[in-house]
Amino acid sequence: MPLKLTICFSACCWLWLGFNPSVSAQEIEPRTYSNAPIGINFIGLGITQAQTSNYTLNSQALSYNHIFDFFGQSAKFNVVTPYAEVHGTAKSGNQVVNVAAQGFTDPVIRVATNLYGAPALTAEEFKTYVQDLIIGANLAVLIPWGEYHSNQVLNVGANRSFIQPGLGASQAVGPWRFELASDATFFSNNNNYMGGNTLSQKPIYSTTGHVIYYFPSSAWISTDVTYYSGGQSAVNGTMRNHSQENWLMGATLSIPINKRNAIKFHGSEGTYSNPHKNYTLYGIGWQYRWGPGT
-3 MPLKLTICFS
7 ACCWLWLGFN
17 PSVSAQEIEP
27 RTYSNAPIGI
37 NFIGLGITQA
47 QTSNYTLNSQ
57 ALSYNHIFDF
67 FGQSAKFNVV
77 TPYAEVHGTA
87 KSGNQVVNVA
97 AQGFTDPVIR
107 VATNLYGAPA
117 LTAEEFKTYV
127 QDLIIGANLA
137 VLIPWGEYHS
147 NQVLNVGANR
157 SFIQPGLGAS
167 QAVGPWRFEL
177 ASDATFFSNN
187 NNYMGGNTLS
197 QKPIYSTTGH
207 VIYYFPSSAW
217 ISTDVTYYSG
227 GQSAVNGTMR
237 NHSQENWLMG
247 ATLSIPINKR
257 NAIKFHGSEG
267 TYSNPHKNYT
277 LYGIGWQYRW
287 GPGT
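In our numbering, the protein residues as written are -3 to 290.
#1: For Y67, I'd like the list of residues in its chain whose CB is within less than 6 Å of its CB, leaving aside the five on either flank, ordered along the chain.
#2: What residues in its chain sit with their C-beta under 7 Å from that of N270, if we drop five residues either side in the sequence?
#3: Looking only at C-alpha atoms, which of P26, Q127, L138 sits nearest to T77?
#4: I259: which of G281, T204, Q45 sits nearest, CA to CA?
#5: Shortest alpha-carbon distance to S264 belongs to which of Q127, K255, T204, I253?
#6: Can you determine whether any heavy atom of the ligand FMN sits closer than 6 Å to the C-beta of R236, and answer yes or no?
#7: Bridge partners of R173, per DSSP?
#8: The beta strand (DSSP E) that contains A230, what's its start and end?
#9: When DSSP builds the beta bridges, which residues end up paired with I200?
#10: Pick helix, strand or coil for E121, following the three-state DSSP scheme.
#11: Can the beta-carbon of Y112 be found closer than 7 Å to that of I131?
#12: Which word fits T28, buried or exposed, when buried means at least 16 other C-beta atoms lie within 10 angstroms of its C-beta?
#13: What residue range does the beta strand (DSSP E) around I280 cover?
#14: Would you tell me roughly how many angstroms separate the C-alpha atoms of N54 and N274, rounded to the nearest one?
#15: What do you get for T276, buried or exposed, if any count of 16 or more other CB atoms within 10 angstroms of its CB means buried?
#16: What is the DSSP secondary structure of P103, counted as helix, strand or coil?
#17: H83 and A96: beta carbons closer than 7 Å?
#18: Could you give the DSSP three-state label for A32: helix, strand or coil?
#19: Figure out for me which residue from A168, S202, M190 has the closest Cα to the Cα of D179.
#20: For N270, which residues does DSSP report across the bridge?
#21: Could you tell me the boundaries of the beta strand (DSSP E) in which Y144 lies?
#22: Could you say which of A86, Q69, P26, G40 lies nearest to T48 if we only look at CA atoms?
#23: Just confirm the distance between the C-beta atoms of W286 and N31, as a whole number of angstroms; I'd bet it's less than 8 Å.
#24: Which stretch, first to last residue, makes up the beta strand (DSSP E) that contains F64?
#25: Spell out the partners DSSP gives L195 in its beta bridges.
Put into structure tokens, the structure is as follows:
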């Protein structure tokens, strides 16, 4: 299970879904399907900025991860509570107006379990573990507790929930890891959109790949690519856009400071988008680890 910090809850999905930072479970994070000793805990803090030609999002997030035994395989419970400030310009009729919002965004809870190749191990047993092929599954849920005002063009809360199941695999070849994962995100309706209208959205489907290299120091670096499609939205049953797609490229570098602390740098870029909603994202995070063997 991941020795990682999920901090941005990818503002890429915020940009992708009509500039709502809370609807952001699509990840370009590597190492979702890996192994770790049972009972290990991680807490992290992160800062991320995402930009398009019209909007800038600054987000700060607190995350907690716990590794546990799930029918003999390692599993992870993860919760992320973000705070965000977003500002930019939007059209109101024929006029361009400045818009801004800030506050706590919607928390996301995720449970991920490895199904094959990542046995639940104690800290002592984990010392001799060597990865081969890992297959896993995860389920994320967004809880609509973020700040939302129906009369605002821009909000940090979504006033709707989603559920996101996913499957993935990780193959080890020496110091390299090759990961592939797919997710589908299903949305509930926002029944108080812009003064009592109903906003609905079709599912978003995504596929993500990572190539990761581990250094002898236990630092690691990853190159990442994600493809999204779907996500058509409608207001009161009337479609307001067509099917969308996006290619994202990114990189992540994790550097251990000592046995319990690590720092991570990450960035990603939209390389293709239909419609044209490319973005740039970068951030930094800190992680603290505690539990058996630390």
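Glycine residues also receive a C-beta, built at the ideal position from the N, C-alpha and C atoms.
Considering the structure as presented:
#1: It is worth fixing the name first, because residue 67 is Phe in this sequence and not Tyr. The answer is none, since no qualifying residue turns up.
#2: Q240, E241
#3: Among P26, Q127, L138, the Cα nearest to that of T77 belongs to L138.
#4: For I259, the closest C-alpha among the options G281, T204, Q45 is that of G281.
#5: Of the residues Q127, K255, T204, I253, the one whose Cα lies closest to the Cα of S264 is T204.
#6: Ligands displayed in this structure: none; no statement on the ligand FMN is therefore possible.
#7: A168, I208
#8: 229 to 231
#9: I200 pairs with T181, G226.
#10: helix
#11: yes
#12: buried
#13: Looking at the DSSP string, the run of the beta strand (DSSP E) that includes I280 is 276 to 286.
#14: 17 Å
#15: Counting other Cβ atoms within 10 Å of its Cβ, T276 stays below 16 and is therefore classed as exposed.
#16: coil
#17: yes
#18: coil
#19: If we check each option's Cα against that of D179, S202 comes out closest.
#20: E241
#21: It is not in any beta strand (DSSP E) - Y144 carries neither H nor E in the DSSP assignment.
#22: A86
#23: At roughly 18 Å, the Cβ-Cβ gap does not stay under 8 Å, so W286 and N31 are not in contact.
#24: 51 to 66
#25: N186, V231
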